[in-house]
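When we follow this note's numbering, the leftmost residue of the sequence shown carries the number 947, and every step to the right adds one. We put the beta carbon where it would ideally sit given N, CA and C, even for glycine. Everything numeric in this text was worked out from a predicted model, so none of it was measured. Here is the structure we will look at.
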Amino acid sequence: MAPDPAVLAADLAEAGIEAVVFTYVDNAGVARVKGVPTGRLAPASKHGVGMSPVFDAFVADDSITSSPSAGGPVGDLRLIPDLRRLVALAAQPGLAWVPVDRRSQTGDPHPQCQRQFATRLVERAASRGITMQMGFEIEFILARSTDDELVPATVAPAYGANRLVELGDFSVELLRALRLEGVEVLQLHPEYAPGQFEVSTAPRDPVHAADDSVLVRQTIRGVTARHGLAVTFSPAVEVGGVGNGAHLHFGIHQGKQNLLAGGRGTHGMTSDGEAFLAGVLDALPALLAIGAPSVASYQRLVPQHWAAPYVCWGKENREAALRLVTGEAGAEQHDANAEVKVFDATANPYLVVGAVIACGLDGIDRQLRLPAETTTDPATLDAAARPERLPTSLDVAVETFSRSDVLRDALGNALFETIIAVRHAEIARFAGASPDEIVASTRWRH
Ligand code: GLU
Ligand code: MG
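What follows is the structure, given as structure tokens:
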């Protein structure tokens, strides 16, 4: 149940909150905001806050493109906050945060609202008795500054204990902030690349998981700023280096039954569980236009960089685009889930969760079967045995996406076309750019 806005506003004011930040994530994956003084929260909840529909056509560099259904200066949308998700931002004292749905001035859902798209797909799954639980792993690199040369904020080795010494205060403050915000953290750990860390959060209803991914990044940015550091979530941070992923974990249940455990299929998958995974795997080349939506994304998606750029699946195979995670023996009913490794944080998380559900349900409709499991590093297989490589450029991913009836149907024509227009603008922006230029221009945008 959503809290009463007037009561909530009074509580926030008493807690010293000056303003509430309404966050909307655009098709280029950039979180954009409008702030409302706390005293205006009640009317702003009822009527929303105005924002131009032109934001549908925004590109990551703040240029504006157009599609048949987006891009003009005319019109207004209302940002309606989801007050169930409002939290005081622990790393930005005095501010609270809330995600929004976008509606027309007459109160109808905006057909291109990404968050309502995700909600619709959750409902579509529910109408078939399927509930999904999702969570993002958020990788990021801490740097000394946003200067051109990237100097990592720690010199300690990959996964090194010393990273948690050099950045001990940062880590504790981040964990505390997330706890105060009600985000359930599963792990915080140093990652492979210089200065890299990862936060993973507990599985949630998919829309909530997407909200969490926005909130967690806002909080990481807040704690980083308090320490005089800079943070990048970009898929490619140094040319040739290991990048930042935003892997998506998802569990599929029907009633109490985990569809990825206790069945008669491979590794205990049920028939529908396998069909769901097969639908996602089959659509993965098209899904990249949603989940790896930047030109820079394709610098990350190279073999043997733990980004898993092959169309294959495998139990606990970290070089497989789709990894089946069964968990501890005996706890499969509780733990079994799947992980899509290829996505990154330049993606709009609402589009990601909705699109994955759409493709999984399509897999169930078509009762698809998974191909043979890949049990080794696909890059080491002979050409004949090696699984197909995922698109190696945004152009190819968008071309594949534009042919996907499943995604067009799920997103609706208007949103589908606008996403394509934004991707084309992103591609045009980097036409002729060197890998260094692409990395440098993407580093601090998301
Ligand atoms: N940093 C890797 C990526 O780009 C992932 C490392 C891991 O397996 O967690 O996705
Ligand atoms: Mg990781």
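Option in A1221, L1096 and R1031 with minimal Cα separation from V1129: R1031
Can you round the beta-carbon distance between S1091 and A1176 to whole angstroms, since I take them to be within the 8 Å contact cut? 5 Å
Could you check which residue in I1303, E1383 and S1348 has the C-alpha nearest to that of A1072? I1303
Between the C-alpha atoms of I1365 and F1289, what's the straight-line distance to the nearest angstrom? 16 Å
State yes or no: is the C-beta of L1121 within less than 8 Å of the C-beta of V1111? no
Residues that R1269 bridges to, as DSSP identifies them: G1260 and E1285
Please classify T1322: is it buried, with 16 or more other beta-carbons within 10 angstroms of its beta-carbon, or exposed? exposed
V1376: first and last residue of the uninterrupted alpha helix (DSSP H) it sits in: With the sequence shown as reference, residue 1376 is identified as Phe, and Val is not the correct amino acid for it. Neither: F1376 is in no alpha helix (DSSP H) and is coded neither H nor E.
Sorted by chain position, which residues of the same chain lie with C-beta nearer than 7 Å to C1059's C-beta, five sequence neighbours on each side aside? D1047 and R1048
In this structure, how does DSSP classify H1056 when only helix, strand and coil are distinguished? coil
Leaving out the 5 sequence neighbours to the left and right, which residues in its chain are closer than 8 Å to V1153 when beta-carbon positions are compared? R1061, A1064, T1065, V1068, Y1296 and V1299
Kindly indicate which three-state DSSP category P951 falls into: helix, strand or coil? helix
Determine whether the beta carbon atoms of A1192 and I1236 lie at a separation below 8 Å. no
Out of R1389, V966 and V1020, which one is the CA nearest neighbour of A897? Absent from the model: residue 897. The displayed extent of the chain is 947 to 1392, so no value can be given.
Please determine, among A1156, G1141 and P949, the residue with the shortest C-alpha to C-alpha distance to T1147. A1156
Quick test of the definition: if touching needs 3 or more C-beta pairs under 8 Å, does the segment 960-967 touch the segment 981-995? yes
Identity of the residue in Y1244, Q1279, D1308 and G1306 nearest L1336 by Cα: Y1244
I need the straight-line Cα distance from G1018 to F1001, nearest angstrom please. 10 Å
With C-beta atoms as the reference, is T969 less than 8 Å away from A977? yes
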